[in-house]
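Colleague: If you're matching them up, the sequences are chains A and Y in order. The first sequence begins at 127 in this note's numbering and counts up one residue at a time. The second sequence begins at 286 in this note's numbering and counts up one residue at a time. Think of the CB as a built atom: it goes at the ideal place given N, C-alpha and C, for glycine as much as any other residue.
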Amino acid sequence: MDTIVALSTPAGRGGICVVRLSGKPLGVAEKIFHSKALENSFLPAPNYMYFGRISTSEFSDLGYMVYFRAPKSYTGEDVVEFHLHGGTRIAEGVIGECVRNGARLAERGEFTRRAFLNGKMELSDAEGVIDMINADSAGAVRSAYRLMTGKLSLAVHEIQNRLSDVLTGLSAVLDYPEELEDETLPEVHAELIAIREKLKKFASSGTYGKMIKEGMDVALVGDTNVGKSSLMNAMLGYDRAIVSDIRGTTRDFVTDSFELNGKKINLADTAGIRQSDDVIEKEGVNRAISIIKDAKLIIRVFDATEKPEKNEMLDEALAEKNVIEIYNKCDLKKAPENAIAVSAKTGDGMDVLMEKISDFFDRDKTDGEEILTSERQLSAVLRAIEKTDEAISALEDGIPADCVISVLNEAWSALGEITGQTVSEKIIDDIFDKFCVGK
Amino acid sequence: MKKSYDIIVIGAGHAGIEASLAAARMGKNTLLITLEKEGVALMPCNPAIGGTAKGHLVREVDALGGQMGISADDALLQIKMLNRGKGPAVFSLRGQEDKALYHEIMLGVLENQDNLEVVYDEVTEIAVRDGEVYGISAAESGFTEAKAVVMATGVYLNGKIIVGEESRESGPIGFRCATGLTRNLLSLGIDIRRFKTGTPARIARDSIDYDKMQLQEGEDDIGKFSFMHEGNLYNQLPCWLTYTNERTHEVIRKNIGRSPLYNGTIKGVGPRYCPSIEDKVMRFPDKTRHQIFVEPEGRDSDLMYIQGMSSSLPKDVQEEMYHTVAGLENARFIRYAYAIEYDCINPFELSSSLAVKRVKGLFSAGQINGSSGYEEAAAQGLIAGINAVKYVDGEHPFVLSRDEAYIGVLIDDLVTKGTNEPYRMMTARAEYRLRLRQDNADLRLTEKAYNAGLATKERYGRTLKRKAEIDEIIAAASKTRVRKENGGIFGRFEDVYVEKTISVKEALKHPGITFEVLKEATDAFDGYSPSALFSAEVMIKYEGYIEKEDAAIRDAKRLEEKVLPADIDYNELTGLRLEARQKLSAIRPATLGQASRISGVSPADITVLLIYLKTVKRTI
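1) In chain A, which residues lie with their C-beta within 8 angstroms of the C-beta of P796(Y)?
2) Given this structure, state the Cα-to-Cα distance separating G549(Y) from D698(Y), to the nearest angstrom.
3) Find the residues of chain A that neighbour T712(Y), judging by a C-beta separation of less than 7 angstroms, and give them in chain order.
4) Identify the residues that DSSP records as bridge partners of W525(Y): which are they?
5) Kindly say whether R490(Y), judged by its beta-carbon, lies nearer than 9 angstroms to any beta-carbon of chain A.
6) Taking Cβ positions, are F578(Y) and A871(Y) nearer each other than 9 angstroms?
7) Among A640(Y), K572(Y), K833(Y), V403(Y), which one has its Cα closest to the Cα of I696(Y)?
8) Which residues in chain Y sit within 7 angstroms of D528(A), going by Cβ to Cβ distance?
9) Comparing the C-beta of P632(Y) with each C-beta of chain A, is any distance below 9 angstroms?
10) Could you tell me whether the segment 472-490 of chain Y touches the segment 576-592 of chain Y, using the rule of 3 or more Cβ pairs below 8 angstroms?
11) Counting contacts by CB-CB distance shorter than 9 angstroms, is P850(Y) in contact with chain A?
12) Exposed or buried, T786(Y), counting other C-beta atoms within 10 Å across all chains shown (16 or more means buried)?
13) Identify, in the order they occur along the chain, each residue of the same chain with its Cβ nearer than 6 angstroms to the Cβ of K509(Y), setting aside the five sequence neighbours on each side.
14) Among the residues of its own chain, which have a CB less than 7 angstroms from the CB of Y855(Y), if the five just before and after it don't count?
15) Output yes or no for whether 9 angstroms exceeds the beta carbon distance between K390(A) and G332(A).
16) So, with DSSP's three-state summary, where would you put L895(Y)?
17) Distance check for G593(Y) and H299(Y), CA to CA, integer angstroms please.
18) For a contact meaning CB atoms closer than 7 angstroms, what does Y659(Y) contact in chain A?
19) Considering only residues of the segment 436-499 of chain A, which uninterrupted alpha helix (DSSP H) runs meet the minimum length of 4 residues and lie entirely inside it, listed in chain order?
20) What residues in its chain sit with their C-beta under 7 angstroms from that of Y897(Y), if we drop five residues either side in the sequence?
21) Kindly indicate if chain Y contains any beta-carbon less than 9 angstroms away from that of P197(A).
22) L518(Y) by DSSP, collapsed to three states: which one?
23) Checking contacts by CB at 9 angstroms: is A817(Y) closer than that to chain A?
24) Given D383(Y), which residues of its chain have a CB within under 6 angstroms of its CB, disregarding the five upstream and five downstream residues?
25) Below 7 angstroms on C-beta distance, what does F194(A) contact in chain Y?
26) Per the contact definition of three or more C-beta pairs closer than 8 angstroms, is the segment 597-610 of chain Y in contact with the segment 443-462 of chain Y?
27) Using alpha carbons as the reference points, say which of A760(Y), G797(Y), C524(Y), P457(Y) lies closest to P500(Y).
28) Identify whether R478(Y) lies in helix, strand or coil by the three-state DSSP scheme.
29) Considering only DSSP beta bridges, list what K336(A) is partnered with.
30) Look at the alpha carbon of T376(A) and the alpha carbon of D477(A), and state the distance between them as a whole number of angstroms.
31) Is it buried or exposed for H534(Y), if we count other Cβ within 10 angstroms and need 16 for buried?
32) For a contact defined as C-beta to C-beta under 8 angstroms, what are the partners of N368(Y) on chain A?
33) In whole angstroms, what separates the C-alpha of G178(A) from that of K150(A)?
34) Does the beta carbon of Y830(Y) sit closer than 9 angstroms to a beta carbon anywhere in chain A?
35) Quick check: is the beta carbon of I905(Y) nearer than 9 angstroms to any beta carbon in chain A?
36) Would you say G372(Y) and A527(A) are within 9 angstroms of each other, going by their C-beta atoms?
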């Protein structure tokens, strides 16, 4: 087992940064870290933070060292963490010094891989860790936490057990055709339909889970000069987009994200949609239309001070989309009855708009159900649904039990990819490729 | 008797017969040594061969050039196809056999086989020098030299028969058992364990009232076991079905304290799939009745076998409970039901070629390996025999994989999963049932056996001919068209609204449409053999499912082909759970696929190994 080292906090500036070593880190640490408490013998007590001087060939810095003794550490191996002043130079210098003293740079995901190899976590727990690292909103952290604590795996396991019961019943009849004539076997068809329903709920939680993790795409659209960019800045809380009175200021789309009640919203401000001969503006309009296509929710902005004009191009693009219509500039003129009236300028009505967006976000939420957050899990559940479907129609078509069993086995294995009961190299490659260095 | 042979086979039961015949037929000078002439090809339990999954084994043994299928056909009393309606993958042939005739036939085959000598004597020692076999010692004939030895001793090692309070050292049906060999095996360092099995009573044929039972007849148009045989079996003998009742169960419950299974006299582990009647009654108290099949032991035999009533209760209790069953009120006992305990070896001692890992040149097959059943024994005997020859010739072992044959599943299960009870073949144990069908055993295996030197030219020729016939039928099915019309053959199975013509291949994919039904619509398939038509029909009907299974096989192969380095130290991989570390260290699987089947090794452990293999590769 060699010793690996990496920066565990994000690269770049910060108050402090943490460099982590795993494997046999004490020998490396002894050469670099000098503390009064460890002067006589370098035998740090585990889980204690020591203050001292960290010296490299180029500079030294004051900082802390913590030692975690195996197996009670993240990786399950001996781990040492240096808590240093933030800054790229310092981190690079210390990591370089560690390497000179026998450590090697960690590969992508190697800390988590070691944690997994040492039995510190299961496969779906490991995925939770990646999500946790990548979570940009409170909701994402919550669902990542649920995943990490194995709740998802338990819920999927339960469905798997029900499938197993069906399979056992079907198989028993094949091996004991004569002896089982008196037995009452589980109602296969009805049970499979129940299982399929349960799986479908899971799948819809998957769409929601994906949104929780990646955020909901919302687009601001409308005619030119209705104040879309002002609204964007108001929603974000800072001036992201250029605002002017000139029609067609926003040529390209502008995107940014913000957190709303713990949910991540990816907001896009688009060019005003109108017929134009200007080549650049035309391109902006095309891009706006493609943003509309991908967005989950559209906020169509009208100008309260002007009578809305017919905009066929936009109407066509918005067909079959989820649209919230709002009237901006209501500080200047009253919006129509029952309409959502806002003012980007004064902030009036913005809370109503935000509430609408937040409610829409939760529309697909399934209460109390575990939430799938990774593409891999979602695709496994979708495959399980497809196979269960296939088995149900095979039963209905009078296809014999041996074929039904073979299809159901596939459904079972698909779910096993979530619970870790099915081994596939692909899963492992996929998962570990997603890990960032240092964690 | 000579002083020296290439191969010596100990035991002439179902495993020993196949092993010795395979060795002799592959040109090796072979000695078959067994305790008594009467014990050759003995069926000490039910008078039947085949059944679910076991029928597959018989067909596979036959396809490989073994003897069981041919002799079983010649001694048939009745034949049936089980699991009709549950899919072609699990169709299973079961034949009722004339036990005495089967014994006679097999004796004749052995005596007429070139290169094979049969001697009756008790082997007391397997001679081993420097970890390598060089012969055997027997009670009367003394030392005989051999390059390889196959053990196929069945339940004869320290056999002990138990009936209620009585017990005595014995082989089955009172044959003498072998007492010396276990000691010898222990001294070789081989792990020995004790298993138990049992058999029901035999009742006088004329003391049964058949009017109170249901008639169970065979089928006369389904062919036979062997691919070498054509035609059907007529003039079959029937079996009978009856049931236990509450009175029977009452007798058992009242006397359960006298059952050696329950009072602790029997320590051996019995099979769950073949429980004694007292087990069934005690474990499933809600069941008000259990099935009893009454089967003849032979055309001229006075004995009827009472399947489902195996027991180790004392004789007086047996009489009382049998007499409560409809039709058995006046049953006269010829032999009482008994349990038998015997020594067998832990199959972890074996490699996939059925070679004993600790001793070069020593092979082991059949019930001694912890399996049960005539068919399981024959299958192992055949493989052990072939591999003894391969060993003598210094060639690679002959191993069938799990996607090639039930035999592959059987042996892989034994040597990688081990077993805590006598192992019985079940279709549920095979992952690739749609491919491992009983109808295509010849297509799967005969060429392999021909190349290995066992299957004869005649057999191989038949397989090639059948294969060509099947290909021709499938091609013709695409070309030939039939009318799809209301009131026609399709109308019987579904509503037809549009009249059109469709190809026979498409037609066959409809439920209910078979070549038999299609006869009404076309005569294009009249000239083909029923066996080729059946195989072609299955291949067309289930094409989609079979393709999917093939894809799964290809997937699994990737795991299967990942070789685990021989020097891997599992104790260093702390990510493995303790149990997995111990099992992997003990069994030392050759591939990741084999490792994944070891009980106690979880998928999470396999994932750890996968990652380990990746990291090893990276650092090299």
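Modeller: So, from the listed chains and residues:
1) Looking up residue 796(Y) in the second sequence gives position 511. By Cβ distance, chain A contributes D523, G524, I525.
2) Translated into positions along the second sequence, residue 549(Y) becomes position 264. Translated into positions along the second sequence, residue 698(Y) becomes position 413. When rounded, the distance between both Cα atoms is 30 angstroms.
3) Taking the second sequence and counting its residues from 1, the one referred to as residue 712(Y) is at position 427. What T712(Y) touches in chain A: L300, D301.
4) Start at 1 with the first residue of the second sequence, and residue 525(Y) comes out as number 240. In the DSSP output, where bridge partners are listed per residue, W525(Y) has L500(Y), V579(Y).
5) Here the question's residue 490(Y) lines up with position 205 in the second sequence. No - not a single Cβ of chain A is within 9 angstroms of the one on R490(Y).
6) Along the second sequence, one-based indexing puts residue 578(Y) at 293. Along the second sequence, one-based indexing puts residue 871(Y) at 586. Not a contact, by the Cβ cut-off of 9 angstroms.
7) Taking the second sequence and counting its residues from 1, the one referred to as residue 696(Y) is at position 411. The shortest Cα separation from I696(Y) among A640(Y), K572(Y), K833(Y), V403(Y) belongs to A640(Y).
8) Taking the first residue of the first sequence as position 1, residue 528(A) is located at position 402. Within chain Y, the residues near D528(A) are K371, G372, A374, V375, R718, L719.
9) The count along the second sequence starts at 1 and reaches residue 632(Y) at position 347. No, no contact with chain A.
10) yes
11) In the second sequence, counting from the first residue as 1, residue 850(Y) sits at position 565. With its beta carbon at least 9 angstroms from every one in chain A, P850(Y) lies outside the interface.
12) In the second sequence, the residue the question calls residue 786(Y) occupies position 501. T786(Y) is exposed by the Cβ-count criterion.
13) Stepping through the second sequence from its first residue, residue 509(Y) is reached at position 224. The residues are D358.
14) Locating residue 855(Y) in the second sequence gives position 570, where the first residue counts as 1. Within the same chain, L861, R866, L869, S870 come within 7 angstroms of Y855(Y) by CB-CB distance, once the 5 residues on both sides are set aside.
15) For the purposes of this step, residue 390(A) is taken as the residue at position 264 of the first sequence. For the purposes of this step, residue 332(A) is taken as the residue at position 206 of the first sequence. No, the pair does not count as a contact, with Cβ atoms beyond the cut-off.
16) What you label residue 895(Y) is simply residue 610 of the second sequence in a count that begins at 1. Looking at L895(Y) - three-state DSSP - the assignment turns out to be helix.
17) Your numbering for residue 299(Y) matches position 14 in the second sequence. Your numbering for residue 593(Y) matches position 308 in the second sequence. So the two alpha carbons sit approximately 23 angstroms from each other.
18) Taking the first residue of the second sequence as position 1, residue 659(Y) is located at position 374. Within chain A, no residue comes near Y659(Y); the closest Cβ sits about 17 angstroms away, beyond 7 angstroms.
19) 438-444, 476-487
20) The count along the second sequence starts at 1 and reaches residue 897(Y) at position 612. The residues are L858.
21) On the first sequence, position 71 is the one that residue 197(A) refers to. Yes, its Cβ sits closer than 9 angstroms to a Cβ of chain Y.
22) Stepping through the second sequence from its first residue, residue 518(Y) is reached at position 233. It is coil, neither helix nor strand.
23) Position 532 of the second sequence holds residue 817(Y). Taking Cβ atoms only, chain A never reaches closer than 9 angstroms to A817(Y), which makes this a no.
24) Against the second sequence, residue 383(Y) aligns to sequence position 98. So the list reads A360, L362, G583, R584, once near-sequence residues are dropped.
25) Translated into the one-based positions of the first sequence, residue 194(A) becomes position 68. Result: empty, since nearest Cβ-Cβ is about 16 angstroms, beyond 7 angstroms.
26) yes
27) In the second sequence, residue 500(Y) corresponds to position 215, counting from 1. Pro is not the amino acid found at residue 500(Y); the sequence shown has Leu there. Comparing Cα positions, the closest option is C524(Y).
28) The residue given as residue 478(Y) occupies position 193 in the second sequence. Residue state, collapsed to three classes: strand.
29) One-based indexing of the first sequence puts residue 336(A) at position 210. Answer is none; K336(A) lacks a bridge partner.
30) Within the first sequence, residue 376(A) is the residue found at index 250, counting from 1. Within the first sequence, residue 477(A) is the residue found at index 351, counting from 1. When rounded, the distance between both Cα atoms is 25 angstroms.
31) Here residue 534(Y) is taken as the residue at index 249 of the second sequence, counted from 1. Taking all protein chains shown into account, H534(Y) has 16 or more neighbouring C-beta atoms within 10 Å of its C-beta and is therefore buried.
32) As a first step, residue 368(Y) must be located in the second sequence, where it is residue number 83. Here the neighbours are L300, P303.
33) Numbered from its first residue, the first sequence carries residue 178(A) at position 52. Numbered from its first residue, the first sequence carries residue 150(A) at position 24. Looking at the two C-alpha atoms, the distance is approximately 20 angstroms.
34) On the second sequence, residue 830(Y) is found 545 positions in, with the first residue counted as 1. So, interface residue.
35) As a first step, residue 905(Y) must be located in the second sequence, where it is residue number 620. Model confidence at I905(Y) stands at a pLDDT of 40, short of 50, so the residue's coordinates are unreliable and nothing is read from them.
36) Taking the first residue of the second sequence as position 1, residue 372(Y) is located at position 87. Taking the first residue of the first sequence as position 1, residue 527(A) is located at position 401. Going by beta carbons, G372(Y) and A527(A) fall inside the 9 angstroms limit.
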